[in-house]
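Novice: Under the UniProt record's numbering, residue 411 is the last one in the sequence shown; the count climbs by one each step, no gaps.
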Amino acid sequence: MNYVIIGNGVAGVTAAEAIRQIDARGQITMISDETHPPYCRPMISNLLEGAVDVSRLPIRGPDFYDRLSITPALGSRVTALDITAHTVATKDGGTHAYDQLLIAAGADPRPLDAQGLDLGGIFFMRNIAQVQEMITALADTRHALVLGGGLVGFKAAYSLLKRNIAVTMLIRSGYPLSMQVDETAGEMIQQVLCDHGLTVRTGISVTAFEGGGRVQTAHLSDGSQIPCDMAIIGKGVFPAHGFVPTDRIDTDAGILVDDHMATSAPGIYAAGDVAEHIDIARQKRWVNAIWPEAAAQGRVAGFNMAGQNLAYRGSLSRNVIRMFDTDVMTAGRVSPRDTDETCRFFSAADHRRQTYRKLVFEDQILVGFVMINQIEQGGVLASLIQSRTPVKISAHHLLDPGFNVSRLFDR
Ligand SMILES: Cc1cc2nc3c(=O)[nH]c(=O)nc-3n(C[C@H](O)[C@H](O)[C@H](O)COP(=O)(O)OP(=O)(O)OC[C@H]3O[C@@H](n4cnc5c(N)ncnc54)[C@H](O)[C@@H]3O)c2cc1C
């Protein structure tokens, strides 16, 4: 059997390991446009912050490819997929034939529509190489502009604040992390960041950058301008399936997959940020571009590609974030765009203690929560969402941080 995997991120890695667990002899080729060995992508923000060096990022040892007898094709970008011929073509003129193909190409940063994007000092933050360039540019950076308040924009701003750089964040919505948290939590998060020097401007965007070689000024949509010698674009991501023939493989936002992570084309699977499966809390198709789901999906895809029968149950968006001395945990549906009249909310905030807890239910099913500080019971709550177990005790009990979780299982 000839397996080809596009992408050496965590979905590609767990797939390769699953295949090798079942099939010791098959040929595995792993193609990636990055040249680094597999690494922990979320930690690139810790690299920017200066909290770790690059040696801490790999998720597998240097012998990963040899140990699993994988043929790596690194620094090679897939540009086309020929489903009839069973081949993928790369930008450098290569062709790889497959019997079973996994598309695990992750996501690309959403581009910004503004003039002057070719100036130095303007970055996306998706990979190690980009962060290494940012770190080099830090020596001449006094004021950074972060465009977007999603997870990447938030992490970029936090990392630069930790480097004592003045940061202005421009966000379209009223508060950071609006996809992950509700307004109360978002405002608490924003307050913590502002207490540490962040400037936030809402409902505004950049129309043009200006500078002599390197960016010096950003022109904003309200006609004003601000000085900046670094800009980081964190406007979200979209699944990286530009090379996929969409007349032959069903796509929506991501590549549509069934419970085996199989696409609509025989022998072709997709996993990770590029794939679209069912979201457990929303009970509909969704791309949950998060690390643990990419790892789980890759593993399921790999086992099925090697002939096993393993089903994926669906994904749950979730995140644990630590910023300065504040912990945030969120899962499922809590942001206003995700909740509707079928949802019931229960919340408790203590602004003096800096704690907040909100639970979202649909009937007796917990479908989301957000917690600021005292997040210890978050794992149990997340598993309640994942298992869709009806909660038969009062939601007010669950709001108490001292709640005895064993009561959930009382009969
Ligand atoms: C700054 C940052 C912070 C994050 N923080 C968190 C977090 O706190 N928690 C969390 O759960 N998730 C976080 N994420 C998201 C997480 O990193 C992703 O969900 C995860 O890495 C997805 O894994 P993947 O294997 O699907 O894709 P990726 O890790 O993106 O790997 C895909 C690989 O395929 C390569 N590739 C793409 N297209 C091609 C092509 N055409 N040809 C060849 N190679 C190609 C890419 O270059 C890449 O190497 C963060 C991401 C970023 C960028």
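Ideal placement from N, C-alpha and C gives every residue a C-beta, glycine not left out. Small disclaimer: the values here were computed from a predicted structure and weren't measured.
Comparing the CB of M125 with every heavy atom of ligand 1, is any distance shorter than 7 angstroms?
Specialist: Yes, the beta carbon of M125 sits closer than 7 angstroms to at least one heavy atom of ligand 1.
Novice: From F124 to I233, what distance separates their C-alpha atoms?
Specialist: Using only the alpha carbons, I get a separation of about 5 angstroms.
Novice: Which residue spans inside the region 98–182 form an unbroken alpha helix (DSSP H) run of at least 4?
Specialist: 128–138 and 151–162, all fully within the region 98–182.
Novice: For the alpha helix (DSSP H) containing R299, list its first residue and its last residue.
Specialist: First-last of the alpha helix (DSSP H) with R299: W291 to M305.
Novice: Measuring only the C-alpha atoms, how far is G282 from N288?
Specialist: Going by the sequence as given, residue 282 is Arg instead of Gly. Between R282 and N288, the C-alpha separation is close to 11 angstroms.
Novice: I'd like the list of long-range same chain contacts for L381, defined as Cβ closer than 6 angstroms, with 5 residues on each side in sequence excluded.
Specialist: The answer, listed in chain order, is F369.
Novice: Would you call the CB atoms of S224 and I280 closer than 8 angstroms?
Specialist: Result no, Cβ atoms of S224 and I280 do not sit closer than 8 angstroms.
Novice: Run the proximity test for P42: is its beta-carbon closer than 7 angstroms to any non-hydrogen atom belonging to ligand 1?
Specialist: At least one heavy atom of ligand 1 is nearer than 7 angstroms to the Cβ of P42, so yes.
Novice: G197: which of S159, M230, S221 and A231 sits nearest, CA to CA?
Specialist: Among S159, M230, S221 and A231, the Cα nearest to that of G197 is on S159.
Novice: Suppose the cutoff is 7 angstroms on Cβ atoms and the five residues either side in sequence are ignored; what does the same chain contact list for S335 look like?
Specialist: S178, M179, Q180, V181 and D182, listed in sequence order.
Novice: Based on Cα-Cα distance, which residue from Q115, I372 and V367 lies nearest to T217?
Specialist: Of the candidates Q115, I372 and V367, the one whose C-alpha sits nearest the C-alpha of T217 is Q115.
Novice: Name the two residues that bound the continuous beta strand (DSSP E) containing H277.
Specialist: Element bounds for H277: A275 to D279.
Novice: So Q308 packs on I122, CB below 8 angstroms; how close in whole Å?
Specialist: Q308 to I122, Cβ: 46 angstroms. No contact.
Novice: Helix or strand or just coil, what does DSSP make of D350?
Specialist: In the structure shown, D350 sits in a strand (DSSP, three-state: E or B).
Novice: Taking DSSP's pairing of strands, which residues face M261 in a bridge?
Specialist: M261 pairs with nothing; no bridge assigned.
Novice: In the DSSP assignment, find the beta strand (DSSP E) that holds Q27 and state where it starts and stops.
Specialist: That run of the beta strand (DSSP E) goes Q27 to S32.
Novice: Around the C-beta of P292, are 16 or more other C-beta atoms found within 10 angstroms, so that it is buried, or is it exposed?
Specialist: P292 should be labelled exposed.
Novice: Give the DSSP-derived three-state secondary structure of F369 in the structure shown.
Specialist: DSSP places F369 in strand when its eight states are reduced to three.
Novice: Please decide whether E183 counts as near chain D, where near means a Cβ-Cβ distance under 8 angstroms.
Specialist: This model lacks chain D altogether; it includes just one protein chain.
Novice: In this structure, does DSSP put T184 in helix, strand or coil?
Specialist: Reduced to three states, the DSSP call for T184 is helix.
Novice: Using 8 angstroms as the threshold, is the C-beta distance between L48 and I165 below it?
Specialist: Contact: no.
Novice: To the nearest angstrom, report how far apart I189 and T202 are at their CA atoms.
Specialist: Rounded to whole angstroms, I189 to T202 spans 15 angstroms at the Cα level.
Novice: From the DSSP output, in three-state form, read off A73 for me.
Specialist: A73 falls in the strand class under three-state DSSP.
Novice: Give a yes or no on contact between the region 300–307 and the region 246–256, applying the rule of three or more CB pairs nearer than 8 angstroms.
Specialist: The answer is no - the region 246–256 does not touch the region 300–307, with fewer than three Cβ pairs under 8 angstroms.
Novice: Taking the DSSP output, what are the residues bridged to P58?
Specialist: Beta-bridge pairing links P58 to Y39.
Novice: If we count Cβ pairs, one from each stretch, closer than 8 angstroms, do we get three or more for the region 266–274 versus the region 103–118?
Specialist: Touching, yes, given that three or more Cβ pairs across the two stretches are closer than 8 angstroms.
Novice: Please state whether DSSP places A270 in a helix, a strand or coil.
Specialist: A270 falls in the strand class under three-state DSSP.
Novice: Quick check: what's the CA-CA separation for residue 412 versus R357?
Specialist: A question about residue 412 goes unanswered here, because the residues of the chain that appear run from 1 up to 411.
Novice: What is the DSSP secondary structure of E376, reduced to helix, strand or coil?
Specialist: Residue state, collapsed to three classes: coil.
Novice: Report the three-state DSSP secondary structure of V10 (helix, strand or coil).
Specialist: It is helical.
Novice: Please return the same chain residues whose Cβ sits closer than 6 angstroms to the Cβ of L145, not counting the five positions on each side in sequence.
Specialist: Cβ within range, chain order: T168, A218, C228 and A231.
Novice: Between F243 and the rest of its own chain, which residues show a CB-CB distance below 7 angstroms, the 5 nearest in sequence each way excluded?
Specialist: Only V78, T79, A80 and L81 meet the Cβ criterion.
Novice: Hey, G148 and I171 are a contact pair by Cβ (cut 8 angstroms); roughly how many whole angstroms apart?
Specialist: Rounded, the Cβ-Cβ distance is 7 angstroms, consistent with contact.
Novice: Expressed to the nearest angstrom, what Euclidean distance is found between the alpha-carbon atoms of P62 and D99?
Specialist: Whole-angstrom Cα-Cα distance: 27 angstroms.
Novice: Just verifying my parser: in three-state terms, what is the DSSP assignment at Y312?
Specialist: Coil.
Novice: Can you tell which of N319, L366, T29 and D259 has the C-alpha that lies nearest to the C-alpha of Y312?
Specialist: Taking only the C-alpha atoms, the option nearest Y312 is D259.
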